[in-house]
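Residue numbers (my numbering): 1214 to 1411. Each residue gets a CB set at the ideal place from its N, CA and C atoms; glycine is no exception. On a predicted model such as this, the values are computed, not experimentally measured, just so you know. To start, the structure under review is shown below, and the notes come after it.
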């Protein structure tokens, strides 16, 4: 069974523990687990060393926009400019080509034909998820989060795409147990390129 952990990596707008995003990368490296990271361009500019570590670790790199604005609130030209800017920034910092992997901030606009057409014009497709345990909500324990992710991913079955974020404290603590729980159940952690067609 293949499971894709996808990690939206952006500037956070809620309390976050210092070093959490690095801990996520550390744990994946320690466990030799592959994930897919959707990087915000402005985040990559602020954390270039971590962005380069993600790319050099063999993880799939996707585009999560430059400014993390809801795509359906932008004009067609605004969507194309924002996404293209993020691509250029991420490529310059990490050397990784993000096309065709894109995730709409908040998922907003992912079903909007206008947004999809604008993304298509710049070589991208929105990549949605199957499992969202809302790891960003306050008061979550890492053990609760890990149990929910493992149970939901296994219930979905082969090819499940899990949505996580790089900055919540609980996620940083849960990433190891998530990987361990999924592997103990016989799952293989893979990049999106091994589970879905772009």
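Q: Please name the residue or residues paired with residue 1339 in a DSSP beta bridge.
A: 1315
Q) What are the start and end residues of each continuous beta strand (DSSP E) run of 3 or more residues lying completely inside the stretch 1228–1262, in chain order? A) 1249–1252
Q) Does the separation of the CB atoms of residue 1216 and residue 1366 fall below 9 Å? A) yes
Q) In terms of residue numbering, what span does the alpha helix (DSSP H) encompassing residue 1435 cover? A) The first residue shown for the chain is 1214 and the last is 1411, placing residue 1435 beyond what the model contains.
Q: Inspect the beta-carbon positions of residue 1310 and residue 1274 and report whether they are closer than 9 Å.
A: yes
Q: Please name the residue, chosen from 1315, 1297, 1267, that lies closest to residue 1276 on a Cα-to-Cα basis.
A: 1315
Q: Give every residue of the same chain whose Cβ lies closer than 8 Å to the Cβ of residue 1258, excluding the five residues on either side of it in the sequence, and list them in chain order.
A: 1302, 1306
Q.
For residue 1384, report the span of its alpha helix (DSSP H) as first-last.
A. 1382–1397
Q. According to the Cβ coordinates, are residue 1218 and residue 1377 closer than 9 Å?
A. yes
Q: Since I believe residue 1296 is in contact with residue 1278 (beta carbons under 8 Å), could you give me their beta-carbon distance rounded to a whole number of angstroms?
A: 6 Å
Q: From the DSSP output, in three-state form, read off residue 1271 for me.
A: coil
Q.
Are the CB atoms of residue 1328 and residue 1339 within a distance shorter than 9 Å?
A. yes
Q.
Just to confirm, is the Cβ distance from residue 1392 to residue 1402 under 9 Å?
A. yes
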